[in-house]
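Chemist: Residue numbers (our numbering), protein chains in the order written: chain W, 6 to 396; chain R, 6 to 396. Cβ coordinates follow ideal geometry from the N, Cα and C atoms, glycine included. Got a structure for you, questions after.
2 protein chains.
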Amino acid sequence: MTGKPLAAIVSAGLSRFGKLDGLSAREIFQQAGKEAFDRCPNLDPRKDIKALFVGHMMESTEHQGHTGPMVADWLGLNPIPASRTENACASSGVALRCGIQAVASGLADTVIVGGVEKQTHLPTSDTTEYLALSADNFFEQWHGFTFPALFALIARAHMHEYGTREEHLAMIAVKNHSNGSKNPKAHIQKEITVEQAMTSRIVASPLKLFDCSLISDGASCVILTRPELAKKFADNPVYVLGSGQASDTIGLYEREDLTSLKASILASREAYKMAGIEPKDVDVAEVHDCFTIAELVAYEDLGFCAKGDGGRLIESGETKLTGSIPVNTSGGLKSKGHPVGATGVAQAYEVYLQLTGQADHRQVKDPEIGLTHNVGGHGSTSVVHVYKTSK
Amino acid sequence: MTGKPLAAIVSAGLSRFGKLDGLSAREIFQQAGKEAFDRCPNLDPRKDIKALFVGHMMESTEHQGHTGPMVADWLGLNPIPASRTENACASSGVALRCGIQAVASGLADTVIVGGVEKQTHLPTSDTTEYLALSADNFFEQWHGFTFPALFALIARAHMHEYGTREEHLAMIAVKNHSNGSKNPKAHIQKEITVEQAMTSRIVASPLKLFDCSLISDGASCVILTRPELAKKFADNPVYVLGSGQASDTIGLYEREDLTSLKASILASREAYKMAGIEPKDVDVAEVHDCFTIAELVAYEDLGFCAKGDGGRLIESGETKLTGSIPVNTSGGLKSKGHPVGATGVAQAYEVYLQLTGQADHRQVKDPEIGLTHNVGGHGSTSVVHVYKTSK
């Protein structure tokens, strides 16, 4: 547990997640930026911030690309370098890694990294179609596959291979909605029961309505600096100890195994190695629950339990707020919401709050090591980061 | 002229540029990758390449996002981290800078950086609409502004302020078509005359057909490594001495001055400073001639001549192949073509060929310092890199 930090997070901001009618992406990103600036009075944004990286997935929803300079200007940061990354739902996980590389390279001492998505103003069918751009057009999209269908295949395979049950998936939904009910920025802030989840309407069997994450608007950001400069800006910086990213085929049909995401295994192993930790050292984690099955598979891919034991882990209660490895304390994509471009850095925001004791009613007791796990598509991209308190 | 190199280019590849019917973006990128691999026999791509960054602008043209893992897999590089950047027509200039930061950060010793675009299969009106996503939707696109119109405003302002004439713009088209006629990969390989350019049909006055760059398919890549490792892979690496990037407003209407691109001035000054050179040290340059006026303005913004003297510089002949500062030896976006996501790294490809003496009939005599200048939108992004031979 003694990896040399790559960078330090000295502030973070998050917009409200949900259906943000009347606000455009640039305005939503401002909300996140303003919180981060307000939280860090020692930082002079126009003087100190040297670059911006923003994850943004779908340029079609607002007919607006070139997101980098746009949000930089609307945050008052023109003319700093401002770059957009797009790796589907891992767009801002990748932005975070690019920001870390910028800081670690010496080309920029302090950077702002974030993500944004505006998608609730369109008919769901349009958004679903745009989301499908992360899958393989020629061999999957074209046949009508959408993401619920692709993750339903993963769920079926896992149930067949390891005896995972639909109730296990429902338990993940119940846990995440419980956490989300304690998060004032979550898209849906209400608890649900296993029975409600089990009897909700089928989307793509075995996935039902409550197995699916939400279509949300939202934005997120963190401010990163060189570890040596962290205390200049914050008393309680959070250090990034490890960063891992890996890829897999753009088509699910090409995979040898549907029951795990190889990219998540590889990315987490890289991040753990860099951080000098093991999975059991993680005290709090935000994982990519775009569907409940994705969280269950993540338990295994990230090494929180053995392969095939995901169902038993959720059943044990250990991933609840009070368990030994609380997962998705924010409510996750399931309840907090999933403004796709914003999700990766929104996970870092939650871990930042947890590791600095600012998570209020959902605060985990004295966590020291945090983890974020951000997946693009059905695991064609996975990005994992490991964080540590300054204690 | 003694900046410490940030990274070294040890190989490069370029697809044919043009209307590549029957080939998809992933296949076009393979052409560029294969050339780079073939050119570098000491490199074992699957073993040595640790990350990929790809610039890709328009996900709508093939209904395909998540370009990073897709092109990585089709190059045989799965499961390395593979990230897409999008900054309009500067998408791969930004990818190049991200790749440099990855190498300089120590997170990846050797990376492949490239760009790709597939756009000729659509009606021109669709492509024009998608290209307009780089401008401000709410305040420009929405009113019907397309890029020829926006650059026509810049041209009018420059003509008004500095007496620049339409003939100056035509001379740039003539020079670039002459260079492109010597480039076997160029989209259009034929010379034109000033008279042809001046009498071509008006697109957005004062810009005529021959003032506009081409809508092309194509892909580009370079292989970057740490300077210390360069000689392991190549006898004649090209060193990246400086990298600059800057932003400006997403709306042209917000600018104080239409006759220069502030982002280009700032990005070039940063790159020059990092490289320890001055504009007069540049021996060969690829600049972003999306329209002829853009090259003329670039002469001034990059410091190749004084403000307002762009017309006099093209008239002097000094930017021709045989001049003191040859510009767009490849033919530029005007004649080589402009597959937007590929353009930034295609410029680096040309400078790599020039600095290693591989530019055949368009070879400049013994250049030592090269420069690339890649613009997104109407200068909302500008990325400038400075290169040096290993001599």
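What did DSSP end up calling V292/W once you bin it into helix, strand or coil?
Modeler: The answer is coil: DSSP assigns V292/W none of H, G, I, E or B.
Chemist: For the putative contact between I17/W and P232/W, defined by C-beta atoms under 8 Å, what is the C-beta separation to the nearest angstrom?
Modeler: Here residue 17/W is Ala; the residue named in the question, Ile, does not match the sequence. Going by Cβ atoms, the distance from A17/W to P232/W rounds to 17 Å, so no, they are not a contact pair.
Chemist: What does H390/R pair with, by DSSP beta-bridge criteria?
Modeler: Note: H390/R sits in a beta bridge opposite S248/R, T377/R.
Chemist: Give a yes or no on whether the minimum CB-CB distance between H163/R and chain W is below 7 Å.
Modeler: Taking Cβ atoms only, chain W never reaches closer than 7 Å to H163/R, which makes this a no.
Chemist: Specify, as a first and last residue, the run of the alpha helix (DSSP H) that V2/R falls within.
Modeler: The first residue shown for chain R is 6 and the last is 396, placing residue 2/R beyond what the model contains.
Chemist: Below 8 Å on the Cβ atoms is my contact criterion, and I expect G98/W with N379/W to pass it. Report the Cβ-Cβ distance as a whole number of Å.
Modeler: Rounded, the Cβ-Cβ distance is 3 Å, consistent with contact.
Chemist: At which residue ranges does the region 53-127 of chain R contain complete beta strand (DSSP E) runs of 3 or more residues, listed in the order of the chain?
Modeler: Whole beta strand (DSSP E) segments, 3+ residues: 56-60, 87-91, 115-122.
Chemist: Can you tell me where the alpha helix (DSSP H) with G18/W in it begins and where it stops?
Modeler: From DSSP, G18/W is part of no alpha helix (DSSP H) but of the beta strand (DSSP E) over 12-19.
Chemist: Are the C-beta atoms of N241/W and some chain R residue less than 7 Å apart?
Modeler: It does not: the Cβ of N241/W has no partner Cβ on chain R nearer than 7 Å.
Chemist: For a test of your reading of the model: does the CB of L246/R fall under 6 Å from any non-hydrogen atom of the ligand NAD? Yes or no.
Modeler: Ligands in the displayed structure: none, and consequently the ligand NAD is not present.
Chemist: With 7 Å set as the bound, which would you pick, yes or no: does the beta-carbon of P84/W sit closer than that to a beta-carbon of chain R?
Modeler: Chain R, which has a Cβ nearer than 7 Å to the Cβ of P84/W, makes this yes.
Chemist: In angstroms with no decimal places, state the Cα-to-Cα distance between M6/W and D306/R.
Modeler: The predicted position of M6/W is uncertain, since its pLDDT is 47 and thus under 50; no value can be drawn from it.
Chemist: Along chain W, in chain order, which residues have C-beta atoms closer than 7 Å to that of H343/R?
Modeler: Neighbours of H343/R on chain W: none; closest Cβ ~16 Å, over 7 Å.
Chemist: Give the straight-line distance between the Cα atoms of V108/R and T230/R, rounded to the nearest whole angstrom.
Modeler: If you take the alpha carbons of V108/R and T230/R, they lie about 6 Å apart.
Chemist: Which residues mark the beginning and the end of the alpha helix (DSSP H) in which G384/R is found?
Modeler: From DSSP, G384/R is part of no alpha helix (DSSP H); its letter is neither H nor E.
Chemist: Using a Cβ-Cβ cut-off of 6 Å (strictly less than) and excluding sequence neighbours within five positions of K24/R, which residues of its own chain qualify?
Modeler: Hits under 6 Å: T125.
Chemist: Which residue wins for smallest C-alpha separation from P128/W, given the options S65/W, V243/W, E32/W, E355/W?
Modeler: Cα-wise, what sits closest to P128/W is S65/W.
Chemist: So, D222/R versus L174/R, is the Cβ gap smaller than 7 Å?
Modeler: Cβ atoms of D222/R and L174/R: not closer than 7 Å.
Chemist: If L214/W and F296/W are in contact, beta carbons under 8 Å, what's the gap, nearest whole angstrom?
Modeler: Their Cβ separation, rounded to whole angstroms, is 11 Å, which puts L214/W and F296/W out of contact at 8 Å.
Chemist: Indicate whether at least one CB of chain W lies closer than 7 Å to the CB of I255/R.
Modeler: I255/R counts as touching chain W.
Chemist: I'd like the span of the alpha helix (DSSP H) that includes L318/R, first residue to last.
Modeler: Its alpha helix (DSSP H) spans residues 315-321.
Chemist: Please state the DSSP three-state secondary structure of G223/R.
Modeler: G223/R falls in the strand class under three-state DSSP.
Chemist: Go ahead and pull the three-state DSSP assignment for G23/W.
Modeler: Of the three classes helix, strand and coil, the one that applies to G23/W here is strand, per DSSP.
Chemist: Could you spell out where the alpha helix (DSSP H) holding A303/W opens and where it closes?
Modeler: Here the alpha helix (DSSP H) through A303/W covers 297-306.
Chemist: Kindly indicate if chain W contains any beta-carbon less than 7 Å away from that of N379/R.
Modeler: Cβ-Cβ to chain W under 7 Å: no for N379/R.
Chemist: Once DSSP output is grouped into helix, strand and coil, what is the label at H163/W?
Modeler: Note: H163/W maps to helix in three-state DSSP.
Chemist: Using a Cβ-Cβ distance under 7 Å, would M75/R count as near chain W?
Modeler: Chain W contact via Cβ: present.
Chemist: Hey, does V121/W have any beta-carbon neighbour from chain A nearer than 7 Å?
Modeler: As a matter of chain content, chain A is missing from the structure shown, whose protein chains are W and R.
Chemist: Could you tell me the distance, in whole angstroms, from the CA atom of Y354/W to the CA atom of T198/R?
Modeler: Cα to Cα, Y354/W sits roughly 59 Å from T198/R.
Chemist: Please state the DSSP three-state secondary structure of T133/R.
Modeler: Of the three classes helix, strand and coil, the one that applies to T133/R here is helix, per DSSP.
Chemist: Can you tell me where the alpha helix (DSSP H) with V350/R in it begins and where it stops?
Modeler: Run containing V350/R: 348-360, per the alpha helix (DSSP H) assignment.
Chemist: State the Cα-Cα distance for the pair E145/W and D288/W, rounded to the nearest angstrom.
Modeler: Taking the straight line joining both Cα atoms gives about 38 Å.
Chemist: For V332/R, which three-state DSSP category applies?
Modeler: V332/R falls in the strand class under three-state DSSP.
Chemist: In terms of residue numbering, what span does the beta strand (DSSP E) encompassing V208/R cover?
Modeler: Where V208/R is concerned, the enclosing beta strand (DSSP E) stretches over 207-209.
Chemist: Can you pull out the residues from the region 269-296 of chain W whose beta carbon lies closer than 7 Å to at least one beta carbon of chain R?
Modeler: Hits within the stretch, in order: L271.
Chemist: Tell me which same chain residues have a C-beta within less than 8 Å of the C-beta of P284/R, skipping the five on either side of it?
Modeler: Cβ neighbours of P284/R beyond the five flanking positions: S273, Y277, L307, G308, F309.
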